[in-house]
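A short write-up of the structure that comes next.
Protein chains: 2
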Amino acid sequence: MTELIKNSNISVDCVVFGYDTNTKSLNLLLIKRYLESETDHKVLVDDYVLTGYHIYEHEKLDDAATRVLKELTGLTNQYKKQFKAFGDPDRLRNEKDILWIDNEKFNFRTVTIAYYFLVKTEDVDLTHNKNQAEWFSIHQLPELGFDHKKIILEAYEDLKTKCLAEPIIFELLPNKFTINDVQDVYESILDIEIDNRNFRRKLINKKYIIPLDEKQIGVSKKPAQLYMFSKDVYDKMYEKNYLINI
Amino acid sequence: MTELIKNSNISVDCVVFGYDTNTKSLNLLLIKRYLESETDHKVLVDDYVLTGYHIYEHEKLDDAATRVLKELTGLTNQYKKQFKAFGDPDRLRNEKDILWIDNEKFNFRTVTIAYYFLVKTEDVDLTHNKNQAEWFSIHQLPELGFDHKKIILEAYEDLKTKCLAEPIIFELLPNKFTINDVQDVYESILDIEIDNRNFRRKLINKKYIIPLDEKQIGVSKKPAQLYMFSKDVYDKMYEKNYLINI
DNA sequence: CCAAAAGTGTTATGCTTACACCCATGT
DNA sequence: ACATGGGTGTAAGCATAACACTTTTGG
Numbered sequence: 001m002t003e004l005i006k007n008s009n010i011s012v013d014c015v016v017f018g019y020d021t022n023t024k025s026l027n028l029l030l031i032k033r034y035l036e037s038e039t040d041h042k043v044l045v046d047d048y049v050l051t052g053y054h055i056y057e058h059e060k061l062d063d064a065a066t067r068v069l070k071e072l073t074g075l076t077n078q079y080k081k082q083f084k085a086f087g088d089p090d091r092l093r094n095e096k097d098i099l100w101i102d103n104e105k106f107n108f109r110t111v112t113i114a115y116y117f118l119v120k121t122e123d124v125d126l127t128h129n130k131n132q133a134e135w136f137s138i139h140q141l142p143e144l145g146f147d148h149k150k151i152i153l154e155a156y157e158d159l160k161t162k163c164l165a166e167p168i169i170f171e172l173l174p175n176k177f178t179i180n181d182v183q184d185v186y187e188s189i190l191d192i193e194i195d196n197r198n199f200r201r202k203l204i205n206k207k208y209i210i211p212l213d214e215k216q217i218g219v220s221k222k223p224a225q226l227y228m229f230s231k232d233v234y235d236k237m238y239e240k241n242y243l244i245n246i
Numbered sequence: 001m002t003e004l005i006k007n008s009n010i011s012v013d014c015v016v017f018g019y020d021t022n023t024k025s026l027n028l029l030l031i032k033r034y035l036e037s038e039t040d041h042k043v044l045v046d047d048y049v050l051t052g053y054h055i056y057e058h059e060k061l062d063d064a065a066t067r068v069l070k071e072l073t074g075l076t077n078q079y080k081k082q083f084k085a086f087g088d089p090d091r092l093r094n095e096k097d098i099l100w101i102d103n104e105k106f107n108f109r110t111v112t113i114a115y116y117f118l119v120k121t122e123d124v125d126l127t128h129n130k131n132q133a134e135w136f137s138i139h140q141l142p143e144l145g146f147d148h149k150k151i152i153l154e155a156y157e158d159l160k161t162k163c164l165a166e167p168i169i170f171e172l173l174p175n176k177f178t179i180n181d182v183q184d185v186y187e188s189i190l191d192i193e194i195d196n197r198n199f200r201r202k203l204i205n206k207k208y209i210i211p212l213d214e215k216q217i218g219v220s221k222k223p224a225q226l227y228m229f230s231k232d233v234y235d236k237m238y239e240k241n242y243l244i245n246i
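Residue numbers (full-length UniProt numbering), protein chains in the order written: chain D, 1 to 246; chain P, 1 to 246.
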């Protein structure tokens with residue numbers, strides 16, 4: 001199995017952003033890290049971390065990230081961005097991290113290549129996952145191990161910037177959505193309020209936001225018009241306009 | 001010397017962008033890679049690569065990049081951005097790379113953390129550098145080893161995007177510059193033409209572009225007004241305006 | 001006085017922002 | 001009929017884009 005030789009000092013870590021259409025909230029998928037002392041059963045470590053793993057000797061970085069996401073969520077083909085490498089020699093040297101690493105036997109000096117993924121929480125089935133994975137609101141994170149708080153915050157900053165410039169927002173929405181759905185996602189990610197009339201006009205004017213011959217069904221109030229996003233149209237009309245905005 | 005234990009499978013590579021005010025061109029600093037066969041003196045490898053090196057066991061990634069830049073140029077405190085990690089298992093496995101690595105004895109599976117730096121070519125003294133470093137126009141690159149062409153192109157794309165959104169352009173200019181100098185840098189980086197009247201109005205209206213009581217001297221035609229960029233003013237007035245621009 | 005680069009103004013258009021009420025639907 | 005969220009219009013201000021000539025200086 002030469003395929004499975006690990007590079008013990010290089011890993012990928014995955015920041016999994018999940019948007020929940022029901023609660024209209026941006027969430028983060030974290031896994032539990034728990035360790036008891038063998039002698040007196042004292043709780044040594046009890047917090048959360050990002051999902052991640054070492055890269056294999058013959059594996060591309062992107063493939064390692066995709067593998068790690070798949071193991072946790074079963075999902076493939078999700079939007080993925082490699083956004084930063086973290087390699088501070090002391091990044092795994094907090095007290096709890098040292099206890100954990102003694103137990104798990106990996107390298108204290110591990111450089112991690114951090115990715116973030118965009119998924120819909122509804123697509124993830126957590127009922128029988130063995131990692132005790134849970135969704136947490138981006139605004140109410142639990143205690144985090146390693147340097148994962150830092151990684152998460154940097155991923156979030158990158159996401160905020162990126163969703164202003166590229167149509168990644170639609171990765172977090174179902175294929176058919178209402179204008180207000182889109183507004184809700186922006187408001188959740190950016191943590192701002194947006195004027196509905198202006199937002200609506202702006203979006204409807206985009207040629208790649210295509211109204212469908214369909215309205216919401218099963219909704220208890222006035223059903224809203226559904227739209228789809230056409231990546232084809234977007235890609236065709238897209239020309240970098242080089243607007244200097246400093 | 002435990003400080004100097006190398007991580008033989010992790011490196012940093014530095015894309016050094018240099019703007020030459022005289023030729024008004026964006027350049028790249030590359031070092032020569034040359035190898036002859038010991039037996040018949042046939043030229044085995046003769047091309048250029050980015051400057052880079054392995055990281056030391058107790059060294060931060062940023063510090064490794066800074067060290068590498070300093071060794072090549074003598075410069076410190078330059079604008080620096082870690083923009084991507086490259087870790088394809090075959091990234092160092094072209095024919096010439098294999099010959100080179102056999103000679104230099106490092107790991108075929110090296111993940112490199114790529115940085116780019118912004119410098120002024122006039123600040124770099126290449127007259128007695130031992131790496132045979134040379135400046136090349138970003139639009140006329142020589143043959144490049146490893147996956148460094150790919151790394152350079154991705155750095156350049158990132159630079160183009162970033163200079164539209166953040167005032168990094170001034171890293172490439174002297175402290176005192178004319179409005180036309182700034183326009184020249186934008187035109188060089190973005191490879192576009194900009195209307196001088198519109199550009200001038202736009203820049204002069206920025207509060208952080210401060211006119212000095214000085215004009216160009218030693219210039220053979222009408223001397224232009226000099227300005228400076230105030231990072232303080234910029235930072236103070238800067239508020240993220242969350243303009244959705246998709 | 002000439003060459004060269006610096007510098008200047010106007011108009012049209014489109015996007016952004018601010019703002020408050022009516023409408024359609026399911027229950 | 002009513003509660004709920006969906007949906008609509010206008011005006012002001014600002015930034016952008018297009019466009020060509022005059023001014024200043026050193027030589």
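Using N, Cα and C, we set each Cβ at its ideal position, and we do this for glycine too.
- A residue is called buried when at least 16 other Cβ atoms come within 10 angstroms of its Cβ; Y227/D meets this threshold and is buried.
- With fewer than 16 other CB atoms across the displayed protein chains lying within 10 angstroms of its CB, D213/D is exposed.
- Closest in C-alpha terms to I5/D, from the list L153/D, D13/D, A64/D, comes A64/D.
- Selection R33/D, A155/D, W135/D evaluated against I98/D yields R33/D as nearest (Cα-Cα).
- As computed with DSSP, D47/P is found in a beta bridge with R33/P.
- Counting of Cβ neighbours within 10 angstroms places V219/P among the exposed residues, the total staying below 16.
- Taken in chain order, the whole alpha helix (DSSP H) runs of length 4 or more contained in the UniProt domain "Nudix hydrolase" (11–152) of chain D are 61–73, 95–104.
- Around the Cβ of L243/P, a 10 Å sphere holds fewer than 16 other Cβ atoms; the residue is exposed.
- For Y238/D, there is no enclosing alpha helix (DSSP H), since its DSSP letter is neither H nor E.
- In the three-state DSSP reduction, Q225/P falls in the strand class (E or B).
- K207/D sits in coil when the DSSP states are folded into three classes, being neither helix nor strand.
- About 23 Å separates the Cβ atoms of K84/P and T76/P, ruling out a contact at the 8 Å cut-off.
- Beta-bridge pairing by DSSP links F177/D to Y227/D.
- By the neighbour-count criterion, in which 16 or more other beta carbons inside 10 Å mark a residue as buried, D147/P falls on the buried side.
- For the pair of segments examined, the segment 13–32 of chain D was found to touch the segment 40–50 of chain D: the number of CB pairs separated by less than 8 Å reaches three.
- In the three-state DSSP reduction, S220/P falls in the coil class, being neither helix nor strand.
- If you compare the alpha carbons of Y115/D, F106/D, L26/D, T21/D with that of S137/D, the shortest gap goes to L26/D.
- The Cβ atoms of C163/P and I194/P do not sit closer than 7 Å to each other.
- Per DSSP, reduced to three states, the secondary structure at D158/P is helical.
- Judged by pairs of C-beta atoms under 8 Å, the segment 227–236 of chain D touches the segment 205–212 of chain D, as three or more such pairs exist.
- The Cβ atoms of A114/P and D13/P lie closer than 7 Å to each other.
- A straight-line Cα-Cα distance of about 5 Å links I246/D and E166/P.
- G87/D has a beta carbon lying within less than 7 Å of a beta carbon in chain P.
- Taking a cut-off of 8 Å for Cβ pairs, the segment 7–22 of chain D and the segment 103–123 of chain D touch, as three or more such pairs fall below it.
- Cβ proximity to chain P below 9 Å picks out K160, T161, C163, L164, A165, E166, P167, I168, I169 from the segment 141–175 of chain D.
- A check of alpha carbon separations from K120/P across V185/P, N241/P, Y238/P, K222/P identifies V185/P as the nearest.
- When C-alpha distances from Q225/D are compared across T161/D, I55/D, P211/D, the shortest belongs to P211/D.
- Residues of the segment 99–119 of chain P with a Cβ closer than 7 Å to any Cβ of chain D, in chain order: R109, V111, I113.
- For the 7 Å CB-CB criterion, L126/P and E171/P do not form a contact.
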